[in-house]
Amino acid sequence: MNDEEANLELEASLTSGASASESSSAASQSSSSVSASSSSSTGTGGGGGAATGGSPTAWALSGTGSPTAGTCAGPYTVSLKDKDAVATKARAALTGTLTGNGSGAFFGAGCTTAISSVAIAAGGDSAEFYFKTTTIESLQFTVSGESLTAASLAVVVAALAPSQTALAAASATGYVAACVRFDFTLKDPFGNASVISAAKNATLGSTDAGATFYSDSGCGAQITGLSLAPATSTGSFYYKGASATSSTVTISPSDLLAGTAAISLSPRPPAGLSISGGSGPTAGTCNAYV
465 MNDEEANLEL EASLTSGASA SESSSAASQS SSSVSASSSS STGTGGGGGA
515 ATGGSPTAWA LSGTGSPTAG TCAGPYTVSL KDKDAVATKA RAALTGTLTG
565 NGSGAFFGAG CTTAISSVAI AAGGDSAEFY FKTTTIESLQ FTVSGESLTA
615 ASLAVVVAAL APSQTALAAA SATGYVAACV RFDFTLKDPF GNASVISAAK
665 NATLGSTDAG ATFYSDSGCG AQITGLSLAP ATSTGSFYYK GASATSSTVT
715 ISPSDLLAGT AAISLSPRPP AGLSISGGSG PTAGTCNAYV
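Residue 530 in my numbering sits at position 66 of the sequence shown, and the numbers go up by one each step.
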């Protein structure tokens, strides 16, 4: 090999080494970039889970504010808030005391088991309960305890649709032909006053065959029934009995159970006394006076 050939071989060897070094450096940079990208995507959200608020400082309560009598209302949700009113999780098990159920009761799911509190496990963020009553009333549910700020929810229990009629006389006794007032109320199956959603007709009756009904307190406008407008819940009418006896008065709105009430009438007492007879009796004679 001459000198020129040796120089060419050395030059080729150096070029090959530089190329390999550049390739290795590029691979190293690429690996470093992937590693950085992977590290960046990991973040700091508690092992990749959803971030939560701070330590709980208050209860929160939500659910329907207009349950219906006789139904299992809910679920109502009890949750937790931190000092900034941000939803958060329990750091330790928490128990919330429930109050404000009025004549009803709080229940677990299905309204089979009555409860007075709810529990949120450590790491949990909420608990649920249900409510049931047969009485219409205005209530304020409250959850409290564990040194957290209490939470409340205003609740107004509504009646079911009417299914029956209650009837009462202003006085259970009276005189024949006296004008007596009767009051009626439409009620749901639990006895709560309830309004009708559509117009209804109601017939009136009495076991006193000669009795009559009126729309006014003077018993001047005679009627045989009533027309009940939508949203009606209560009303009245007037009655005159014809016999000195105990009678049953009935009101029968269409599609509803009838209402009945008893009334006992007596003969009207005399208003005064009058005497008639001869005005010029003769001494010593017996004169008749009535």
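The beta-carbon is built from N, C-alpha and C at its ideal position, and this holds for glycine as well.
My guess is that residue 666 and residue 692 are in contact by the Cβ rule of under 8 angstroms, so how many angstroms apart are they, rounded? 6 angstroms
Unbroken beta strand (DSSP E) run spanning residue 677, endpoints: Taken as a continuous stretch (DSSP letters only), the beta strand (DSSP E) holding residue 677 covers 676-678.
Alpha helix (DSSP H) runs wholly inside the stretch 639-698, at least 4 long, in chain order: none
Check whether residue 644 and residue 531 have beta carbons under 8 angstroms apart: no
Just how far apart, CA to CA, sit residue 517 and residue 589? 11 angstroms
Between the C-alpha atoms of residue 617 and residue 604, what's the straight-line distance to the nearest angstrom? 5 angstroms
Is it true that the stretch 635-655 meets the stretch 718-731, where meeting means three or more beta-carbon pairs spaced less than 8 angstroms apart? yes
Among residues of its own chain, excluding the 5 on either side of residue 584, which ones have a beta-carbon nearer than 6 angstroms to its beta-carbon? 554, 558 and 591
Just the Cα atoms here: how many angstroms apart are residue 538 and residue 567? 17 angstroms
Go to residue 729, then tell me how far its beta strand (DSSP E) extends in each direction, as first and last residue. 723-730
C-alpha gap between residue 707 and residue 713, whole angstroms: 13 angstroms
Run through the stretch 515-559 for me and flag every whole beta strand (DSSP E) of 3 or more residues, listed as ranges in chain order. 522-526 and 537-545
Please state if the CB of residue 525 and the CB of residue 582 are separated by a distance shorter than 8 angstroms. no
So for residue 745, helix, strand or coil by DSSP? In this structure, residue 745 counts as coil in the three-state DSSP scheme.
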